[in-house]
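Data first, discussion second: the structure below is written as structure tokens.
Numbering (the working numbering), first residue to last: 865 to 1523.
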């Protein structure tokens, strides 16, 4: 059936172009508007119950309408907008969904082997991929009717947000076709082999992020793990001294350009390691014959010093003890070398002995046994019965120069070496140290003789020999103590209290243990130092301990023999520095529990500032007494095993009582 214009007529569908009257056209327009509104409310896409015939257009329909109908119709004006660029984000999302579905089926062994499941998944995939284009694609007849509905029915235009936002269904159809063609690339060629789909290569929408080059396994980086007690030391140092290792962070290494990435950092640095990586070109080119204080990679430079001592302070233990030539050594030296205050051991231990025991080697073994495996003996020297031993933490031996020593005899007969001085010197990083232990002339009234012993020592002690002076402009050829940055002088100086025994005993009985100011008012050494006649430029920490001389052996009482010697501060530790405030005394005390001699050991703890050094300093190359180290450790282990065995035997033994 055809209309008068020659167009085919569809039952109850579009607006016709007959001239039978405006009511028929209005009726058909309302039906088309209702159908459009119903479909738009369902799924948001304009569809029609019965599509119009091909060739019908909005312009032609409006031309055939009577003038009365045109005047009465309310046509909503539509502002034309340029079509937006097609957005393919939807295609990407379909891509991801299909890819996830195929991944699930590929990882399932049953789905890969069962042809029925594969075919069903293929069909579902095809349906999912083809259904959106069918809904969105519009034929020419659809476009015509949709345009007619949009322009003839205001309700239909308001109910279709898609048509309003995307400039009409023609743009929607174009976009749907592009989506369909983009998604069709997934099933390119319909390549199915054995019921398994082969997907085309999917290119990422954006460039992939660079892969992390860190391929080192953190479980393997435990070679240089520090002991738990050292971790506690770091925590304590941070709280009290501010010494915190700064090389655990990789940012400093990256900032200095020493490493390329995390992989090289992890491979050259363990979890708790303090070692900095060394560049190959530095190893190839650097001669180390002439060094700079701030040169990158300098062995004794500022970078290396800050790694071990961020605050540039080192802890030093200095002790002196007149052993009175006793063969018997104390059973335990822990209270002497490792006092409970402070809680942590020092970096360096220097022990001077006067009238030492006959077996000097045994004494050194006992020292090594007490200090344990964390320390090694850097050097040891003797002058008759004067002994001096220098122990240092084994991590620090590489930063010590060659060690030199010299001796001076103050006796008239030089063959009798019971009185005199022994000096040991070396450079640690860029700071030079001199340690002197002396035994001056004894006697209550021989103050002048003791001052002569001092003057002879500073003039005759020929140090340093090969190690260069760190500051020769401030040195004097007549005073050895001016040729070093830090000087510690300790020993049995034999200065007495200028007071009778009864008065001294009365003061000791009346005053508390820590208030010794009344006794020190009679001290010969304090008086001479204030006058500048001895130990020029030296200082001494405040004394808060009882006189260290003279005790009855094995007892806490002072001399009870017929001589009734006056208790005195004969054993002392004094110090001086080229630079002000370089040495800070932390503790100055005695060890009253060691009673094998008529003298009590006296010790002092110091914090000493250390400066970076130059690489032209002759190094000791990590030299230490290895044999002594092994013997001391073996003894320590044996002692511990014996102690455990005794505890085990004590627990297993039982006491029976018979009534």
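We put the beta carbon where it would ideally sit given N, CA and C, even for glycine.
Rounded separation between residue i and residue j - CA only
i	j	result
residue 1162	residue 1480	10 angstroms
residue 1320	residue 1286	12 angstroms
residue 1447	residue 1249	29 angstroms
residue 1295	residue 1334	7 angstroms
residue 1306	residue 1434	9 angstroms
residue 1546	residue 1178	Missing from the structure shown is residue 1546; the chain here goes from 865 to 1523 and no further.
residue 1492	residue 1425	40 angstroms
residue 1256	residue 1239	5 angstroms
residue 1175	residue 1472	10 angstroms
residue 1500	residue 1351	33 angstroms
residue 1398	residue 1315	6 angstroms
residue 1224	residue 1301	16 angstroms
residue 1208	residue 1072	53 angstroms
residue 1246	residue 1327	16 angstroms
residue 1253	residue 1204	22 angstroms
residue 1524	residue 1374	Outside the displayed span of the chain (865 to 1523) sits residue 1524, for which this structure offers no information.
residue 1482	residue 1343	24 angstroms
residue 1506	residue 1202	22 angstroms
residue 1066	residue 945	34 angstroms
residue 1444	residue 1400	15 angstroms
residue 1370	residue 1276	39 angstroms
CA nearest to the CA of residue i, picked from the options
i	options	result
residue 1198	1249, 1498 and 1467	1467
residue 1188	1311, 1270, 1227 and 1461	1461
residue 1193	1226, 1355, 1315 and 1444	1226
residue 1477	1349, 1276, 1339 and 1143	1349
residue 1410	1427, 1463 and 1506	1463
residue 1171	1214, 1475 and 1444	1475
residue 1485	1149, 1167, 1366 and 1259	1259
residue 1355	1284, 1514 and 1212	1284
residue 1222	1200, 1180, 1275 and 1282	1282
residue 1378	1147, 1357, 1454 and 1436	1454
residue 1488	1265, 1169 and 1443	1265
residue 1407	1450, 1370, 1444 and 1445	1450
residue 1274	1323, 1251 and 1308	1323
residue 830	1372, 1392 and 1515	An answer regarding residue 830 cannot be provided, because it is not within the stretch 865 to 1523 covered by the chain.
6 angstroms Cβ shell around residue i - same chain, five flanking residues per side excluded
i	result
residue 1390	1384
residue 1402	1438 and 1440
residue 1452	1405 and 1468
residue 1346	1339 and 1340
residue 1289	1268, 1298, 1327 and 1328
residue 1213	1181 and 1255
Proximal residues to residue i (C-beta, below 7 angstroms), its chain only, five neighbours per side dropped
i	result
residue 833	The shown model of the chain, from 865 to 1523, leaves out residue 833, and the question about it has no answer.
residue 1497	1237
residue 1442	1335, 1338 and 1349
residue 1210	1179, 1180, 1181 and 1469
Cutoff 8 angstroms; reference residue i; Cβ partners in own chain excluding five residues on either side
i	result
residue 1420	1456 and 1459
residue 1128	Interpretation of residue 1128 is limited by its pLDDT of 44, a score under 50 that renders its predicted location unreliable; the figure taken from the coordinates is listed afterwards. Counting only Cβ-Cβ distances below 8 angstroms, and skipping sequence neighbours, we find 1141.
Cβ neighbour criterion (16 or more within 10 Å) applied to residue i
i	result
residue 1317	buried
residue 1009	Summary for residue 1009: the model assigns pLDDT 40, below 50, so the residue's position carries little reliability; its value from the coordinates is reported in the next sentence. That one is buried.
residue 1145	exposed
residue 1012	Note that residue 1012 has pLDDT 44, beneath the 50 cutoff, so the model's placement of it is unreliable and the number below is only indicative. Buried.
residue 1504	exposed
residue 1070	exposed
residue 1422	buried
residue 1509	exposed
residue 1231	buried
residue 1494	exposed
Whether residue i touches residue j by CB criterion (8 angstroms)
i	j	result
residue 1184	residue 1216	yes
residue 1235	residue 1261	no
residue 1325	residue 1272	yes
residue 1362	residue 1337	no
residue 1394	residue 1413	no
residue 1268	residue 1196	no
residue 1233	residue 1244	no
residue 1428	residue 1365	yes
residue 1470	residue 1182	yes
residue 1465	residue 1173	no
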